[in-house]
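Let me begin by presenting the structure, written as structure tokens, before commenting on it.
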Amino acid sequence: MKEASTLHGTGAPSEWIVRWSHLLAAGATVLDVACGSGRHMEWLSGRGHAATGVDRSSEAIEAASAFGRTVTADIENGPWPFAGQTFGAVVVTNYLWRPRLADIVDAVAPGGVLLYETFAAGNETVGKPSRADFLLQPGELLAACADLRVVAYEDGFLTGPARFVQRIAAIRPPAPVPGQPLRAPLEGN
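For our numbering, count along the sequence shown from 1 and bump the result up by 323.
Printed below as a string of structure tokens:
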């Protein structure tokens with residue numbers, strides 16, 4: 324087996340994930356897509372969340388299994404292993420496979436959170452990935468989250484290391500409760 328440090332998805336969790344993880348409900352279930360060795364699973368399970376990670380690398384999944392349930396699956400060439408399932412949060416970093424983008428967004432439960440951060444157009448000028456297949460186009464992540472309430476969104480250049488990214492924190496509206504108004508009445512009415 325490779326040393327954990329040579330596997331993808333190691334090191335400190337993304338600052339974006341840490342910054343917006345307070346949006347998750349207490350004890351929320353979390354799906355970490357392309358989880359690598361589980362750096363986000365570790366961060367979130369350490370905060371009381373039940374984490375599930377999916378990755379095609381069996382070596383990465385072996386390392387990630389220390390932090391929750393894991394699924395070895397090639398989501399680019401096989402079926403989506405979470406059809407019909409939803410999670411209190413879905414986390415994705417440094418990963419883009421457009422044919423799965425709708426599945427990823429659909430996996431966010433009512434009241435759940437999507438935290439997504441990956442490379443964007445312009446990155447080809449500073450490094451890899453450089454193929455357009457792996458770079459979000461301007462506004463593409465916003466469009467994919469059209470049915471969610473966007474809490475935060477960024478599209479631009481970051482230093483250390485130099486990269487272009489898009490990132491979003493978005494919430495799926497909670498399911499309506501029968502007989503309850505969608506919003507609470509204002510005081511005094």
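Where a beta carbon is used, it is the ideal one built from N, C-alpha and C, also for glycine. Predicted model only: the values in this text are computed from it and were never measured.
With at least 16 other beta carbons inside 10 angstroms of its own, PHE405 counts as buried. In the assembly as shown, HIS363 is a buried residue. Its beta-carbon has 16 or more other beta-carbons within 10 Å. For VAL449, there is no enclosing alpha helix (DSSP H), as DSSP marks it with neither H nor E. Assignment of GLU463 by DSSP, reduced to helix, strand and coil, places it in the helix class. A direct Cα-to-Cα measurement between LEU419 and GLY502 gives close to 40 Å.
DSSP, reduced to helix, strand and coil, places PRO433 within a strand of the structure shown.
Secondary structure at ASP426: helix, using DSSP grouped into helix, strand and coil. Bridge partners of GLN489 according to DSSP: THR441, ASP478. The beta-carbon distance between TRP343 and ALA469, rounded to whole angstroms, is 19 Å. This is too long to meet the 8 Å contact definition. Between ILE384 and THR393, the C-beta spacing is below 7 Å. The continuous beta strand (DSSP E) containing VAL353 extends over residues 352-356.
In the structure shown, the three-state DSSP call for VAL341 is helix. Contact between the stretch 446-454 and the stretch 363-373 is absent: fewer than three C-beta pairs spanning the two stretches fall below 8 Å. DSSP places ARG362 within a helical segment (H, G or I) once states are collapsed to three. By the neighbour-count definition (other C-beta atoms within 10 Å, threshold 16), ASP378 is a buried residue.
Assignment of beta-bridge partners to PHE410 by DSSP yields VAL431.
With a threshold of 16 other beta carbon atoms within 10 Å, ARG472 falls short and is exposed.
Judged by their CB atoms, THR409 and ALA430 are nearer to each other than the 7 Å cut-off.
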